[in-house]
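Okay, structure first, notes after.
There are 4 protein chains.
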Amino acid sequence: MTGSSPPLRVAMVGNGFMGAAHSQAWRVAPRFFDLPLEPRMSVLVGRDAGRAAGAAARWGWAESSDDWRSVLDRDDVDLVDIVTPGWSHAEIAIAALEAGKHVLCEKPLANSVEEARAMADAAARAASRGVFAMVGFTYRRVPAATLARDLIAAGRIGTVRQLSVSYLQDWLVDPLAPFTWRLDKEQAGSGALGDIGAHAIDLAQYVTGRQLVSVSGTLETLVTERPVLAESHGLSGTAGVGTATVTVDDRALFTGRFDDGVLGGFEASRFSTGRKNALRFEVSGSLGALSFDLENLNALQFYDGTADPATRGFSTILVTEPEHPYMEAWWPSGHLIGYEHGFSHQVRDLVDAIARGEQPRPSFDDGLQVQRALEAVELSSQNGSAWTALAETEEYA
Amino acid sequence: MTGSSPPLRVAMVGNGFMGAAHSQAWRVAPRFFDLPLEPRMSVLVGRDAGRAAGAAARWGWAESSDDWRSVLDRDDVDLVDIVTPGWSHAEIAIAALEAGKHVLCEKPLANSVEEARAMADAAARAASRGVFAMVGFTYRRVPAATLARDLIAAGRIGTVRQLSVSYLQDWLVDPLAPFTWRLDKEQAGSGALGDIGAHAIDLAQYVTGRQLVSVSGTLETLVTERPVLAESHGLSGTAGVGTATVTVDDRALFTGRFDDGVLGGFEASRFSTGRKNALRFEVSGSLGALSFDLENLNALQFYDGTADPATRGFSTILVTEPEHPYMEAWWPSGHLIGYEHGFSHQVRDLVDAIARGEQPRPSFDDGLQVQRALEAVELSSQNGSAWTALAETEEYA
Amino acid sequence: MTGSSPPLRVAMVGNGFMGAAHSQAWRVAPRFFDLPLEPRMSVLVGRDAGRAAGAAARWGWAESSDDWRSVLDRDDVDLVDIVTPGWSHAEIAIAALEAGKHVLCEKPLANSVEEARAMADAAARAASRGVFAMVGFTYRRVPAATLARDLIAAGRIGTVRQLSVSYLQDWLVDPLAPFTWRLDKEQAGSGALGDIGAHAIDLAQYVTGRQLVSVSGTLETLVTERPVLAESHGLSGTAGVGTATVTVDDRALFTGRFDDGVLGGFEASRFSTGRKNALRFEVSGSLGALSFDLENLNALQFYDGTADPATRGFSTILVTEPEHPYMEAWWPSGHLIGYEHGFSHQVRDLVDAIARGEQPRPSFDDGLQVQRALEAVELSSQNGSAWTALAETEEYA
Amino acid sequence: MTGSSPPLRVAMVGNGFMGAAHSQAWRVAPRFFDLPLEPRMSVLVGRDAGRAAGAAARWGWAESSDDWRSVLDRDDVDLVDIVTPGWSHAEIAIAALEAGKHVLCEKPLANSVEEARAMADAAARAASRGVFAMVGFTYRRVPAATLARDLIAAGRIGTVRQLSVSYLQDWLVDPLAPFTWRLDKEQAGSGALGDIGAHAIDLAQYVTGRQLVSVSGTLETLVTERPVLAESHGLSGTAGVGTATVTVDDRALFTGRFDDGVLGGFEASRFSTGRKNALRFEVSGSLGALSFDLENLNALQFYDGTADPATRGFSTILVTEPEHPYMEAWWPSGHLIGYEHGFSHQVRDLVDAIARGEQPRPSFDDGLQVQRALEAVELSSQNGSAWTALAETEEYA
């Protein structure tokens, strides 16, 4: 950060918890990675001017605004970082890309395949002009997950035979946990499926290098009415009532077939009592296996089936060494990183790709693929768990 | 074992690995538990007279025979213990019950619902005469599993909300692993589904106290041709050829709905590289959760959601204390038991039930219920994972 | 066990918990291992004739007696298995050896170096006549521990650099836990040090193939008075009083230097709240490391420092495969064994050695070496933790 | 961070790895915590002007300097943050305190008790003028460690009975690992003892709320000569030679007695093959126990001995909830933090204390206490592990 790199002026739209995570990444990444462009935290946009100003001050953005459209008109903004709820992604992202701004958009890409397709189309048009879009599946950039991908790509577990992926949380176990926008289909698109199942799908596809082609699944809502807190008034359909109806799933169970025929078992739940943020995968191959749990994110379990039969077993790799993805930039051997570091890695990779004029990944096409998988699961669930091709989501959309 | 208890004279049919496990249980249980009847290892039956004699000598049976029918005619046999492959269970068990012998039959109960129903009918008739039948789902009697059942029954995790159950092994990962009778549908009934999935189903039903009513699932065979070893000749359809076709599943993935509406995710696989005998369950309730893995069978994970929020977490209960099921009979605090102890617990419970004139559990009805679940999964898999009621297996059978 | 092997007629002296474990081993070992001599459970000896008869019936001994000396006169006894408290070991073992009986003696060998030396001398004289003595450090024969020894001997962790060993229990944490003979120096010799620290020392020496030459340590007694239960009356010095004075250590902390200069840290405690039977070691070498915990006795942790830096980590070896020591005799891959199996392994190795006319290990010399280490720790503790050579225990004795 | 808080202008002396960690803390803490003073990263001081300027640019310091003394003369510096090697701490810290600057000094406080006492005296004089000094034992501020302290202070494990503490790394296992200043007694004071053993001592004292009064220990150096890399030339006594002599310990084993009589076992090693940064403690009390490992820093193990005997066991508390120390400021439930977050917590607590005019902890007196313990261990090791009171270090100094 000697000031010799050209600047990359960022506007962030949204000021919820994800805004804090993204701000931390824009702030921290340049201090640990040599970036070809120097990110500048130029402007934070929020719907409420006062709250936006407060968040900008707290998080270190130079300015704030309550009008995202006006920000798109500014010449001194190069990239728009979208951390709003899913229903607003399409409109903002497409407008930003058309205005010539690079876009980083939180996951899931949209609330429907239709929106996601429009976004992917806009991204394709923009890319032809050297303007790029990326969707924020940051768990790809947890070093242990990246290492898993690298090991599979290098053939270290042989041919992938099967996988199991789950994302387990428990914040809805209490039936008195209050209603939020995340439980409203209009705003959130879906429930556990889209919120955390989307991560499970993206991670499974990323780590294995394969794509889902069809699914069979079941969604369920375990608590259908929840109390509305006074501060929640204004949510669609909840004004003035004591409870609101949960219109999204609490849990999704599905089986997915990948393009090479491999089957994966998937689960996403907000009712996994005692599990706080357990994104897990296990990939079994002809020569080995890999297992991961985000609740212990610095570790990767690796079974090398080619090792001496008397000593083989799952090894706990502490993914904190300079040999590991992204880790040379951080602390000495054995020093752990946390949740937020994936966002710094995302900034690094995004900035690198933009500077090189290359498409950053995961692209909006990648996001669209996940959206198709989400909707195929919903379709399947509505049709008695019938196997549903992701292609069928087009007509559904 | 002062000799004051009346004898229970046992004939065991079968001399494979399961015979060793059952023999150990008949030998050991009376040394650690006060049994109301004194088991006597009277006669071991095997198809090959020489091998039966050898096994009898090694395992400590007083006599051997190569004719199970003749054993049923003997007055000095009270109980027949069936440890043969599944295709032979129905014939032997029904004949034994009709001959007035109590029966312990290995799982799965049979190779089809039709057979299982006939067995359950025979067991019902026998029970009316004070002659009892039991099916050998011994994992119910791993103390950690029994404790899980007890804790759920006592309301310690509140209302059961969801569960996940899997049974993972890896002995077929190598495509050159040879063909065996377990890969032949005629003899084995099904593959991973019936062999280990049956355990997963029984354990899920036992631990939760609920029954599956319908399923949606997918079976797959990952390696369809396997080499035939010389010693395997004589297997159906394999004589004189270099390979044989695998006619059973290698992996089963299914979702089951229980009678109270709860959904469970299930997986049974022989391709889970690095997992040797990982029968696992996690049951999530409104107040807590329980988690278990047979590869660490002396431990049970318990999450008490009613505990202090600052200190709650999954507790590793070392299930080796006198407060724990079956454990007072064994060693001092902290001393582990192994796989085989479940068989001794099975002997204790079976002998106790017979002496009291009560139906031992799991009964043949319980075994039939599992058989229905297995066939419903097969039916569902054949019908594009359509939800299939266990009742539908009747017409299928 | 076809009866073709010559018999090995066993008399067991003692009928406490260890008697149950040894009985199980004599009963079970011949059923799983091909033994060159066929053990016969001939006679059980206890001080109280009635209790001895009851234990003999329960555990399956042909006869019982209340006079161990008379048993030594019998021609139909080949081996004496001593499972009494430590204070009685020397007298019985020496008499048995002089009577021409093989001896298996529980650990620790004796309550003093003086006694242990006399026993070792008697064993040396007997060995010259083909009569052998062994001391029962069975944890050497937990397959994971044996595997650790094998891996170190094969150079798989390179040169041993350091080790840490501990044996942690918690049965004395409650200050109201009653007084027992184990807390009386006269009867028990020492406390945590001799009871469980002895195992830690033997295992450390066995696994590394090295011997302790000097120690520096500290003993402490955390609760010095304990209530006497009515049934405990008769213990030395406790008759008629409400409490008794604990005259042994509750915890021992010491550092030991091995013959090749390596330092080991040791801890033995009965006050490790929550730890039930945690015998642990970690051995670090120039090329790798090994780690073990008896509370998960089927697992061994192995770090292979020569592996790829990106994937190395501690592997959890599930020591249940045919490649592992003793395991081929038991169950299929992935099936766990328990505490008692080490005793069956001990029987196998003892019977094999006797049949071959070779000295079984651990010998009484090995037991003497451990006894010297125990007393050196006591000496050091009395002398302000001054480094104390094991050789100095001779004059102390 | 609205700019309404008064500034706290910081100068940091040192630009090694610790400088990166401290810079991150000064940068990040104000974004997550409401601080009563607003830290400003004013000036970074390094011996080499060019390197200092580069580090300042990378880490975000406004200015750089190669003269720490000149910085002390500046009115626009309120606090001096010392992250240099231990030999230089005393001079800089005392001068800074005398110049009226608050001081944050990395651990260990100094290379000798003599220096540490001078520093503590300077701190006492400064405190009387409202100028405060703190030593950087940041592991106190890993939330799991802070929670352990809180639980012990609240009596949740009853009376502390014993503890074991170790800090294990493996970066010196390779005998060809090059010589560095950390292996030179002149510069580093001691080896594993002072570098990581100091953390073990401070954490043990902090968590238990007790102080060490005497120790018995042994130091050893396992590799005494190491190669000198070209870039290391200039190290004392190494110029022009191929190897240098290691003059510090590689491993320290000691027992410490706390002021209430409790004994703790301690180990610090750089030869624990496969352990990268394993700072561990286990504290056993009359009612429970706590166990921690920095390699899984978001977890704390808690055994509640007062819980139901059938379900008690060590609970894995995922210390990521709003109920946990420091965690409300960070991410939602279940989201992990890393190594560096302890430094942000340190900044928060330091700034809070300064603003309130209270002594921040750990104070220089706390640092002096640790220094005394370190030197008592060295003294004991030189005297055959004789028990050595910390008070005796005065005359040694």
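Chains as they are written, first to last, in UniProt numbering: chain D, 1 to 397; chain P, 1 to 397; chain G, 1 to 397; chain X, 1 to 397.
We treat Cβ as the ideally placed atom computed from N, Cα and C, and that holds for glycine.
Using a Cβ cut-off of 9 angstroms, pull out every chain X residue sitting near residue i, in sequence order please.
i        : result
P:Leu151 : Ala310, Thr311
P:Ser315 : Phe302, Tyr303, Asp304, Ala307, Thr311, Arg312, Gly313, Phe314, Ser315, Thr316
P:Glu378 : Those do not exist, as P:Glu378 stays about 38 angstroms from chain X at its closest Cβ, beyond 9 angstroms.
If residue i and residue j are in contact, beta carbons under 8 angstroms, what's the gap, nearest whole angstrom?
i        : j        : result
X:Thr273 : X:Val173 : 5 angstroms
P:Leu300 : P:Val319 : 5 angstroms
Give the range of the alpha helix (DSSP H) segment to which residue i is assigned.
i        : result
X:Gly50  : 49-59
D:Met18  : 17-32
G:Phe364 : 364-382
P:Tyr167 : Per DSSP, P:Tyr167 belongs to no alpha helix (DSSP H); it is in the beta strand (DSSP E), 160-168.
P:Glu186 : 185-188
D:Arg149 : 143-153
D:Ile82  : Where D:Ile82 is concerned, there is no enclosing alpha helix (DSSP H), although the beta strand (DSSP E) it sits in stretches over 79-82.
Does DSSP put residue i in a helix, a strand or coil?
i        : result
G:Asp109 : What sits at residue 109 of chain G in the sequence shown is Leu, not Asp. Three-state result, G:Leu109: coil.
X:Val283 : strand
P:Arg356 : helix
X:His233 : Residue placement at X:His233 cannot be trusted, given a pLDDT of 46 that sits under 50; what the coordinates show is reported in the next sentence. Strand.
X:Asp249 : coil
G:Gln301 : strand
G:Leu336 : coil
P:Gly274 : coil
G:Ser315 : strand
D:Glu63  : strand
X:Val351 : helix
Identify the contact partners of residue i in chain P, using a Cβ-Cβ distance below 7 angstroms as the criterion.
i        : result
D:Ser164 : Glu267
G:Glu295 : Leu318, Gly334
Would you mind telling me which residues of chain G sit closer than 9 angstroms to residue i, beta carbon to beta carbon, in chain order?
i        : result
P:Phe17  : Trp331, Pro332
D:Leu147 : Ala310, Thr311
What does residue i reach in chain G if we use C-beta pairs closer than 7 angstroms?
i        : result
P:Arg141 : Simply none; closest approach about 14 angstroms.
X:Tyr303 : Thr273, Gly274
What span of residues does the beta strand (DSSP E) with residue i cover, start to end?
i        : result
X:Ser70  : Looking at the DSSP string, X:Ser70 is not in any beta strand (DSSP E); the run it does join, the alpha helix (DSSP H), is 68-72.
D:Pro39  : 38-45
X:Glu267 : 263-269
P:Val10  : 7-13
G:Asp202 : Counting along the chain, G:Asp202 falls outside any beta strand (DSSP E), though it belongs to the alpha helix (DSSP H) covering 198-208.
At a CB-CB cut-off below 7 angstroms, which residues of chain X make contact with residue i?
i        : result
D:Trp171 : Ser333
Would you say the beta carbon of residue i is closer than 7 angstroms to some non-hydrogen atom of the ligand ZN?
i        : result
G:Glu358 : For the structure depicted, the ligand ZN is absent and the ligand set is empty, with no information on it obtainable.
Kindly list, in the order they appear in chain D, the residues whose Cβ is closer than 8 angstroms to that of residue i.
i        : result
P:Arg251 : Gln162, Leu263
Exercise for review: Residues of the segment 202-235 of chain G with a CB closer than 7 angstroms to any CB of chain X: list them in chain order, please.
Suggested key: Ser216, Thr218, Glu220, Leu222
Check your understanding: Name the residues in the segment 262-286 of chain D whose C-beta lies less than 7 angstroms from a C-beta of chain P; which are they?
Key -> Leu263, Gly265, Glu267, Ser269, Phe271, Ser272, Thr273, Gly274, Ser284, Gly285, Ser286
**Study point:** Members of the segment 326-348 of chain X that neighbour chain D once the beta carbon cut-off is set at 9 angstroms
**Key:** Trp330, Trp331, Pro332, Ser333, Gly334, His335, Leu336, Ile337, Gly338, Tyr339, Glu340, His341
Point to revise | Residues in the segment 5-32 of chain D having any Cβ partner in chain X nearer than 9 angstroms | key: If the cut-off is 9 angstroms between Cβ atoms, the segment 5-32 of chain D has Phe17, Ala20, Ala21, Ser23, Gln24, Arg27, Val28, Pro30, Arg31, Phe32 near chain X.
Check your understanding: When you check each C-beta in the segment 101-129 of chain G against every C-beta of chain D, which residues fall closer than 9 angstroms?
Key -> Taking 9 angstroms as the Cβ-Cβ cut-off, the segment 101-129 of chain G has no residue approaching chain D.
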